[in-house]
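My numbering puts the first residue of the sequence shown at -3, with every later residue one more than the last.
Don't be surprised by glycine CBs; every beta carbon is placed ideally from N, CA and C.
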Amino acid sequence: MLPTTLPSEQAAALHECLISLGSNIDPEHYFDQALTILSQECKLLACSKAIRTTPVGYQQQPDFLNAALLVSTSLEQEAFRAYLKEVEDRLGRVRGAIKSGPRTMDLDMVAWNGEVVDEGYYQHDYVKVPVDEVLASSGRTLEPVKRS
């Protein structure tokens, strides 16, 4: 017997993205704002606790709050990466001469559909610790960075 309904060809595939968050300018406020925006515009699947970390690189700035989120989105990877930068801009992010300087919000894509896309996951505890917490709470695992 044929099905009475067919899956919509227009239905967008959902992708999962692990995001690293960091802020050291009024971080509690900007974390709340980022969570509000991302949970309204994406599907929030899991969230780590925030951890306080010392700056990496430029040291003459306040400590950071860092966390990780797992979200699902219908956007493709590069469109979602651009979306994260747009959310940073909405949250008042100013990109100055010092790349590792103070910021209201930094949103970095760590993994896409279970595959690590940012080697910072392996290099920095401020990324790895919150991401590992999200992985443990969501039952997800990661595949290593694929080298070309």
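Residues bridged to residue i (per DSSP)
i	result
Met105	Ile15
Cys43	Leu65
Val112	Ala107
Glu139	Glu111
Phe76	Paired residues: none, contrary to the question.
Thr100	DSSP output for Thr100 lists no bridge partner at all.
Arg48	Leu61
Rounded separation between residue i and residue j - CA only
i	j	result
Val67	Leu41	5 Å
Glu37	Thr69	9 Å
Arg136	Phe27	23 Å
Pro126	Glu111	16 Å
Asp102	Phe60	10 Å
Pro(-1)	Pro23	Residue placement at Pro(-1) cannot be trusted, given a pLDDT of 44 that sits under 50; what the coordinates show is reported in the next sentence. Whole-angstrom Cα-Cα distance: 52 Å.
Ala75	Leu31	19 Å
Asn62	Val113	18 Å
Ala46	Glu115	21 Å
Val52	Asp85	22 Å
Pro58	Ile21	8 Å
Arg77	Ala107	11 Å
Asn109	Leu138	9 Å
Lys124	Asp104	12 Å
Lys142	Gln56	35 Å
Leu80	Ala9	19 Å
Glu5	Glu82	Any reading at Glu5 must be qualified, since the residue scores a pLDDT of 43, below 50, and its modelled position is unreliable; no value is offered.
Supposed contact pair residue j and residue i - C-beta distance, whole angstroms, cut 8 Å
i	j	result
Glu129	Ser44	4 Å
Leu34	Leu65	6 Å
Tyr54	Gly97	5 Å
Tyr122	Thr49	4 Å
Range covered by the alpha helix (DSSP H) that runs through residue i
i	result
Ala30	Pro23 to Glu37
Val127	Asp121 to Ser134
Report task. Determine, using beta-carbon pairs with one atom in the region 85 to 98 and one in the region 8 to 16, whether at least three such pairs fall under 8 Å. Result -> no
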